[in-house]
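Here the sequence shown stands for residues -17 to -1, 1 to 230, numbered as in mature numbering (1 follows the signal peptide of the UniProt record, and there is no 0). These notes are about the structure you will find just below.
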Amino acid sequence: MKSSIFLVLLACGLTSGKLHLADFTQLCDITKPNLNACVVNSANNLIPVLVKGIKDLNFPPLDPLRIPEMKVDQSNAPISIRLKLLDTIHTGLGTMKFHTASIDLDKNRWVLNATLPNYALFGRYMANGRIILLPIIGDGHANFTLTNTKVDFIMQGHTKKEDDLLVHHLANLKVIFGFDKCFISMTNLFGGNKQLSETVDQFIRNNSREVFEGLKVSLEKVYSSIYLNLIRRLVSNVPVSSIFITP
């Protein structure tokens, strides 16, 4: 998704090969008291660039973002399901806006908070399990849509000396999100049994919030993994001096 959604490190440093953060937005000075505000501004300036993608960095277009496969394994009541989403298309990430940042350079912990007016995921699904009291099995098309999503991007890195340079490495990324409204639809349930499929799909539509909340923790783990992989393409073995303006 939230997508995605995950631009914390981009706000603080986009360098790889011959490309540098300064090619896309302003550098932030770690000695200035407005560091957090600078990072927010840099992140927002980067979004239009990422919407188009950065081919030289192997970063795909952000909107729409295409993810070949997502696996959701939820085993806690009231939802217990194995859900695979294939050939997914994620729309709306280009409208993301960052609002606040908290950059702790001593702990290498970077947090950004953003909002996303409209986000949608489309793709083929394969599911087997139980949602609330209903058994679910199917292979069809899925639509997950969120409105007014709030997203926290929490990133943890570490630094080490390499060839007399202090280099930053990304260790972990966590995505946490909430939303005002949501919509879920899954077609072709139960092997195409039209009456049963339409009945259960309507139940899912009518109870989209409860269903999504039941999947939320598992989905956050999936999104965290996706965006960690993307951002590592951009900030692998990056000198700290190329991330910030340093003394």
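Cβ atoms here follow ideal geometry from the backbone N, Cα and C, with glycine treated the same way.
Within 7 Å, strictly: CB atoms of residue i and residue j
i, j, result
"S191", "R113", "no"
"L45", "L33", "yes"
"K67", "M109", "yes"
"S25", "T14", "no"
"N189", "G123", "no"
"N131", "F105", "no"
"K143", "G161", "no"
"I137", "I167", "no"
"L129", "L211", "no"
"C11", "F227", "yes"
"D70", "R107", "yes"
"V183", "L99", "no"
"H141", "N59", "no"
"R65", "N111", "yes"
Where the alpha helix (DSSP H) containing residue i begins and where it ends
i, result
"residue 288", "Outside the modelled stretch of the chain, which goes from -17 to 230, sits residue 288, for which no answer is possible."
"N189", "K177 to N189"
Run of the beta strand (DSSP E) containing residue i, from where it starts to where it stops
i, result
"K164", "K164 to M169"
"S85", "K80 to D87"
"D135", "L117 to E145"
"F7", "Looking at the DSSP string, F7 is not in any beta strand (DSSP E), and its letter there is neither H nor E."
"residue 232", "It is not possible to answer for residue 232, since the shown part of the chain is limited to -17 through 230."
Beta-carbon separation (whole angstroms), residue i vs residue j, contact threshold 8 Å
i, j, result
"Y102", "V158", "Going by Cβ atoms, the distance from Y102 to V158 rounds to 12 Å, so no, they are not a contact pair."
"L76", "L48", "6 Å"
"L148", "P43", "Actually they do not touch by this definition, with Cβ atoms about 29 Å apart."
"I120", "F173", "6 Å"
"residue 319", "N41", "Residue 319 lies beyond the stretch modelled for the chain, which goes from -17 to 230, so this question has no answer here."
Closer than 6 Å: residue i CB and nearest the ligand SAH heavy atom
i, result
"L117", "The ligand SAH is absent from the structure shown, which contains no ligand whatsoever."
Is the region 92 to 101 close to the region 75 to 83, with three or more CB pairs under 8 Å?
Between the region 92 to 101 and the region 75 to 83, the count of C-beta pairs closer than 8 Å reaches three or more; the two stretches touch.
Please list the segments of the alpha helix (DSSP H) lying wholly inside the region 37 to 112, counting only runs of 4 or more residues, in order along the chain.
List check, alpha helix (DSSP H) in window: nothing returned.
Evaluate the contact criterion for the region 148 to 164 versus the region 173 to 184: three or more CB pairs, one atom per stretch, below 8 Å.
Touching, no.
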